[in-house]
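Read the structure below first, then the notes.
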Amino acid sequence: MAKTTQLRTYTVRDGLLDEWVERWKADIVPLRLELGFAIGGAWVDRERNQFVWMTSYEGPETFAERNAMYWASPARKAMGLDPDDYLVSTDDRTVEERY
Numbered sequence: 034m035a036k037t038t039q040l041r042t043y044t045v046r047d048g049l050l051d052e053w054v055e056r057w058k059a060d061i062v063p064l065r066l067e068l069g070f071a072i073g074g075a076w077v078d079r080e081r082n083q084f085v086w087m088t089s090y091e092g093p094e095t096f097a098e099r100n101a102m103y104w105a106s107p108a109r110k111a112m113g114l115d116p117d118d119y120l121v122s123t124d125d126r127t128v129e130e131r132y
């Protein structure tokens, strides 16, 4: 399959931005990497209380199929991490690299 990249922007609940970033780094990133995703970077926009990151996947499944595997994995369930506890909204955009 072709490489698929998503730019994800999360608006985080007031007062939880730093905690979200730590949970993302400690829990989400290792599992994403283990499942074949790449992380293209992550940024914090404190003025808007947003967390922005890029993730991509290039492998035998589609991005959607691999993402479903991530969410269904026992390791994801064992995290005890409900995004709704941290995130007000999410905006996931599939983007194409041009540079």
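According to our numbering, the sequence shown is numbered sequentially starting from 34.
We put the CB at the ideal spot given by N, CA and C, even for glycine.
- Separation of Gly48 and Val77 (C-alpha to C-alpha, rounded to the nearest whole angstrom) is 13 Å.
- Between Gln83 and Thr44, the beta carbon gap of about 5 Å places them in contact (Cβ cut-off 8 Å).
- Here the C-alpha atom of Met34 lies approximately 9 Å from the C-alpha atom of Tyr90.
- DSSP places Leu50 outside any beta strand (DSSP E); the residue lies instead in the alpha helix (DSSP H), whose first and last residues are 50-56.
- Your pair Val121 and Arg41 does not check out as a contact, with CB atoms roughly 14 Å apart and the cut at 8 Å.
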